[in-house]
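Protein sequences, first through last, are from chains A, B, C and D. For what it's worth, the working numbering labels the leading residue of the first sequence as 1, then goes sequentially. For what it's worth, the working numbering labels the leading residue of the second sequence as 1001, then goes sequentially. For what it's worth, the working numbering labels the leading residue of the third sequence as 2001, then goes sequentially. For what it's worth, the working numbering labels the leading residue of the fourth sequence as 3001, then goes sequentially. First comes the structure, then the notes that go with it.
4 protein chains.
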Amino acid sequence: MLIIIKKEINENELQPLLNEVKTHDLKYAYLNGEEYDILRLEGNLTKVDEKKISAFDFVLQVIKISPSYQKVSNKDEQSFINVNGIKIGRNESIVVMAGPCSIENYDQLKRIGTQVKHFGAAFLRAGAYKPRTSPYSFQGLKSEGISILKRVKEELKMPVVSEITSILAIDEFKDVDIIQIGARNMQNYKLLKAVAKLNKPILLKRGFASTVEEWLMSAEYIIKEGNNQVILCERGVRSFEPLTRFSLDFSVIPLIKKLSNLPIIVDPSHASGHFELVESLSLAVIAAGADGLIIEVHDKPFEALSDGIQSIKPDRFASLMEKAKKVAHAIGRDMF
Amino acid sequence: MLIIIKKEINENELQPLLNEVKTHDLKYAYLNGEEYDILRLEGNLTKVDEKKISAFDFVLQVIKISPSYQKVSNKDEQSFINVNGIKIGRNESIVVMAGPCSIENYDQLKRIGTQVKHFGAAFLRAGAYKPRTSPYSFQGLKSEGISILKRVKEELKMPVVSEITSILAIDEFKDVDIIQIGARNMQNYKLLKAVAKLNKPILLKRGFASTVEEWLMSAEYIIKEGNNQVILCERGVRSFEPLTRFSLDFSVIPLIKKLSNLPIIVDPSHASGHFELVESLSLAVIAAGADGLIIEVHDKPFEALSDGIQSIKPDRFASLMEKAKKVAHAIGRDMF
Amino acid sequence: MLIIIKKEINENELQPLLNEVKTHDLKYAYLNGEEYDILRLEGNLTKVDEKKISAFDFVLQVIKISPSYQKVSNKDEQSFINVNGIKIGRNESIVVMAGPCSIENYDQLKRIGTQVKHFGAAFLRAGAYKPRTSPYSFQGLKSEGISILKRVKEELKMPVVSEITSILAIDEFKDVDIIQIGARNMQNYKLLKAVAKLNKPILLKRGFASTVEEWLMSAEYIIKEGNNQVILCERGVRSFEPLTRFSLDFSVIPLIKKLSNLPIIVDPSHASGHFELVESLSLAVIAAGADGLIIEVHDKPFEALSDGIQSIKPDRFASLMEKAKKVAHAIGRDMF
Amino acid sequence: MLIIIKKEINENELQPLLNEVKTHDLKYAYLNGEEYDILRLEGNLTKVDEKKISAFDFVLQVIKISPSYQKVSNKDEQSFINVNGIKIGRNESIVVMAGPCSIENYDQLKRIGTQVKHFGAAFLRAGAYKPRTSPYSFQGLKSEGISILKRVKEELKMPVVSEITSILAIDEFKDVDIIQIGARNMQNYKLLKAVAKLNKPILLKRGFASTVEEWLMSAEYIIKEGNNQVILCERGVRSFEPLTRFSLDFSVIPLIKKLSNLPIIVDPSHASGHFELVESLSLAVIAAGADGLIIEVHDKPFEALSDGIQSIKPDRFASLMEKAKKVAHAIGRDMF
């Protein structure tokens, strides 16, 4: 951390800042310049609050050099997550998680699950708890949905992914193979900490206006609890463009690889908001180097209880999987 | 709602859409055109899912005419919230809520509270539960903080505002006069519903990338539970500008007045991220017609355990209050 | 176009609106409803000004159904641009345009041009006129640069792409094979019209905060002048993320294909702002279905007079081209 | 400028960077650290290209400490602009520029000009050259419009503001008192330089997605040509919110005052896109400390040839001016 300090400051004025530094047991050096001085801090800076230091009148600027997400950026950590024998990560096969937005009933989930499995999905995704913008919209089957999900999981022998929206439901998620934290809950730190303790893989979606740093800090919350099984999931950020719902931020795919070992997957369904864009974006995601995809599939989109417009039908999914495999091979990777 | 439909569609194909419409007991008219047809739906449309209708191949566009936040937009509702005799709303005196970002200890809160009360703040604001981007930052005194807050509230005879971040803490908030839902929790619907049931005034901050419609839908969640004491609070939206933390969206002040009777207040401290900008923005907020301000004040910003840089000192607060009063009078309103 | 009109409006009040409609010789129908009426306009709506119609007190909303970029959306038009025998478009081979950001001198351009040609670039791109944020930065070699570009073009027998920034330089661009309109000039309509008249292919970059509609309207300006040789180029839009310069909006690749026959290419260099991200984004661009790439290549990036950080070196370019070919084949396309 | 450098770099590798530094005749110091080294540069840094320096493999980060807009940030410069005796600036009376979006004919301009003068506008604003998103929209009366503007200016003895969109029209603007550079041309550097040479006051609008730094760099282009009569004008930035056209960035009002002596005015008409929001935003602009307003006024908005919806009628303008005066007095300023 570099603290840029006005010239002509005397030692007395500096004292409270130096005291602050000393409480954190840091190495520091004071570097005089002609236009400004620099106080350089090295060591464990996670406890140092930039906003506090900026509050001193004589501080012109505070510059962080190392990221605050220490555990997330630890490249010595293993680079894959093992879910019931399926590895997700940098040097592993690309995985696809597919299924309906919402669990509507046993038949629907079994039918769609059977198809996505048949066409190559590694995981069945389906929501029981649905955070919806309108209180009048279908909010998910809740506990009953989780029961259906478990039944279909066992019948299809297919691991499942589902979103949790509240601490109160934690016990129900013990048999869910990957627990999803949705974009709206990315900074619901109570939920992050509680879910972390289940010690299961967590799929952490990026908030739709969260910076990469904020996202990785949320991952840090989970890892700090002792659970390093975090799968990052980009799902699009808000933009000014009215023709798409969200803008998928592809740069994060190579960026995350540079900053961390954590696997990164992408959700093209929510981002585009339209089934016609899903295939094109999915192939791009694979070419960009992501470790997986999470895709909404529904066989009767106009009967779907949520997100019909962005779901693709099973035959389109089959065709997408065929093409995805070819693109994966083109960049030297396999599909699960 | 208008559904734009491709020409040359036959009745059979339309049937599933018409069936969908019939289940919701709506008035409808089918209007033939030369380039496209229109299906117009009137009645209670809150249950109609645009994304489901958009999934039909022959649907070109779905256009909502009336907003989905029915209760929020009800202009027959009373236009103020009564908190212990202090009225907040359109035709009432402008209220200021002030205090430190975090409760640090009894002395600090008492000291700052005494000062902001002296200079005219109607409410003491102070956080016990702090959602922080970094797991290494100070997270608030939690229950202990709430106890301190209650003690200071009684000693100063000053109503208090504090943020809740989890359902699990609900019981502790029974003596908090206005319960704040922070920007990160604006779409934490479980929390909204649970807090609504306390039947106390709720200060609902706008998410930093939430549309006005999403914000009002979150207010609708609360009112739908039978609690119409919602105070909307704009706190800045994310922008591309690196010199400010957030961009205060002033347009929402007159917009909210057009769309709803709910009071609208503004938080210039979080938006600007810098104490030097707070006064200028605060005066503008009042001139724009907002019903109140929520401002961070700290007497020792460089000792603050959070958000030091954006807190103003009590003497600046005093001066701001003087000017605010003059601006309020200029537009024909009083300050509490 | 649909004009939503308040109920209980009488015919007299409507008259000025109906007169306005009549001046444009449109078909119209007035559709009564219970909550609002609709005035539907069909025909050539390009002359109808939404903002004028919205100014009537009784107009609640104006909704455009068909886009205003009539010529751009004409799908009967040919779907490729022919540049000296190289076809750019939907069903053609993918083209790569590569070269240095700025022309620095003859040797530099010849050297880099020779290499990018060797590794498969179809076009040499290089700037003579450089719009720079700072007046103190290198602004390009201007006329001298264009002369060098022509010389290298002839020696390498390689068509060239270069940016024009002012009407005054138009005569110098007669031998430039594709004339680039930069993002900052996307809405410099005088320039668009003047360049259109040269009747040469135009590479039209999207403004960094322009909507797809605004972008296509700028293309419409060019086509309206009788020149339909427009190549659209996405180069990233502004976002709140500080770790990347711009966010490439991949959704526009399939979107543009839906809305128009015009070729769409992508510039991953400006978008990412960092050479390490260029390869990953380039492969994604191809997989998403774009018709080409424009990439900055420099053999001595730290000697470059502009944009060093985002240029890749020739050996990285060679490796990128190898991989790009494989991805192109995977989706059933060839590289030029 | 601080250049953060990887440890374990040897002197040979550093040489090209040090050479680069030497060519610019800068003071520098090399500061060893434990985790990274720092190369500090002081002196005239305007010629140093960050992107070039960032291209060295061993450079981790380049941090600018002082802004590049040297002339703009010179606080010794006078702090007002004198237009025919009317002073615009920090300690001067607040000025209002008002009038129709477009000049439509002599009668319209005379009529509206007479009214806005009567109600207190200091300047008449009206456009002859209109950059329009659609090639089918009214593009302004051009030269004829400028002639009408001059005639009305003389008859009303009222200085005028009008937008220039092309170098080719420069001669026509010699009698325009303040020449406006529109948001779309903020980075049309050729135009900036050409207009600067007329040595007349220039109203420089902020691009709708331009950072404050980019905006001030555009002002620097003008001042570098020897013309320091630049009036900055905020007109709203693009946001994700569909209910408003642009979001006025109020933070820039106090920010610009901190960074520069240049006057700052605000355009609430374009920002809001709706006449109903104009008054509220205008009062806020004054309270925030801006030096002026530019407002669209039209007596027959539904006959306006452009921007009808965002124009206010003269009676609303009169009422706005009354209130504006009161708010100005409340913050201790006068209105012209």
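Heads up, the beta-carbon is just placed ideally off N, CA and C, and yes, glycines get one too.
Residue environment analysis places T2244(C) among the buried positions, since at least 16 neighbouring C-beta atoms fall within 10 angstroms of its C-beta. Identification of chain B residues near P16(A) by a Cβ-Cβ cut-off of 7 Å yields F1302, ordered along the chain. Exclusion of the five residues before and after L1060(B) leaves I1004, I1005, K1006 and Y1036 as the residues of its chain whose Cβ lies within less than 8 Å of its Cβ. Assigned with DSSP and collapsed to three states, M1158(B) falls in coil, not helix or strand. A straight-line Cα-Cα distance of about 16 Å links S3218(D) and T3165(D). Residues I2181, S2218, Y2221 and I2222 of the same chain have their beta carbon placed closer than 7 Å to that of L2192(C), with the five preceding and five following residues left out of the count.
Pairing S2247(C) with M2186(C), the inter-Cα distance amounts to about 18 Å. With a threshold of 8 Å between beta carbons, E2214(C) makes contact with chain D. If you ignore the 5 residues before and after P3159(D), its C-beta comes within less than 8 Å of the C-beta of V3083, N3084, I3086, A3122, F3123, L3124, K3153, D3177 and I3178, all in its own chain and listed in chain order. Linking Y1030(B) to S1068(B) through their CA atoms gives a straight-line distance of about 22 Å.
Among the residues facing chain D, H1329(B) is included, as its CB has a counterpart in that chain under 8 Å away. Residues of chain C whose Cβ lies closer than 7 Å to the Cβ of R3238(D) are, in chain order, A2209.
As the crow flies, the alpha-carbon of V1021(B) is around 10 Å from that of Q1015(B). Under the Cβ criterion of 8 Å, D2291(C) is not counted among the residues facing chain A.
In this structure, S3319(D) is the residue among S3319(D), S3260(D) and I3167(D) with its C-alpha nearest to the C-alpha of F3119(D). One finds nothing in chain B with a Cβ atom closer than 9 Å to the Cβ of L3262(D); even the nearest lies about 16 Å away. Taking the C-beta atoms as reference points, Y1129(B) is found no nearer than 8 Å to K1150(B).
Under DSSP, the beta-bridge partners assigned to I265(A) are C233(A) and G292(A).
Shown here, R2090(C) sits in coil according to DSSP, grouped into three states, outside any helix or strand. Excluding the 5 residues flanking it on each side, Y106(A) has same chain C-beta neighbours closer than 6 Å at I148, in chain order. Taking 8 Å as the CB threshold, T3046(D) lines the interface with chain C. Nearest to F2058(C) by C-alpha distance, out of T2023(C), I2009(C) and P2242(C), is I2009(C). Per the C-alpha coordinates, the member of L45(A), A55(A) and I146(A) positioned closest to P1135(B) is L45(A). At a cut-off of 8 Å between beta carbons, A3324(D) makes no contact with chain C. Here the C-alpha atom of E2214(C) lies approximately 12 Å from the C-alpha atom of K2205(C).
According to the DSSP assignment, V95(A) belongs to the beta strand (DSSP E) that extends over V95 to G99. Using beta-carbon distances, Y1036(B) counts as an interface residue toward chain C, with a partner under 8 Å. CA-to-CA, the gap between S280(A) and A2288(C) works out to about 5 Å. If you draw a straight line from the Cα of T1211(B) to the Cα of E241(A), it comes to about 13 Å. Counting along the chain, I3256(D) sits inside the alpha helix (DSSP H) bounded by residues V3252 to L3259. Of all residues in the stretch 2050-2080 of chain C, those with a C-beta nearer than 7 Å to a C-beta of chain D are K2051, K2052, S2054, A2055, F2056 and S2068, reading in chain order. Rounded to whole angstroms, the gap between the alpha carbons of H3329(D) and G1332(B) is 14 Å. The beta carbon of K197(A) sits no closer than 8 Å to any beta carbon of chain B. The three-state secondary structure of F208(A), taken from DSSP, is coil.
A straight line joining the alpha-carbon of L41(A) with that of L26(A) spans about 6 Å.
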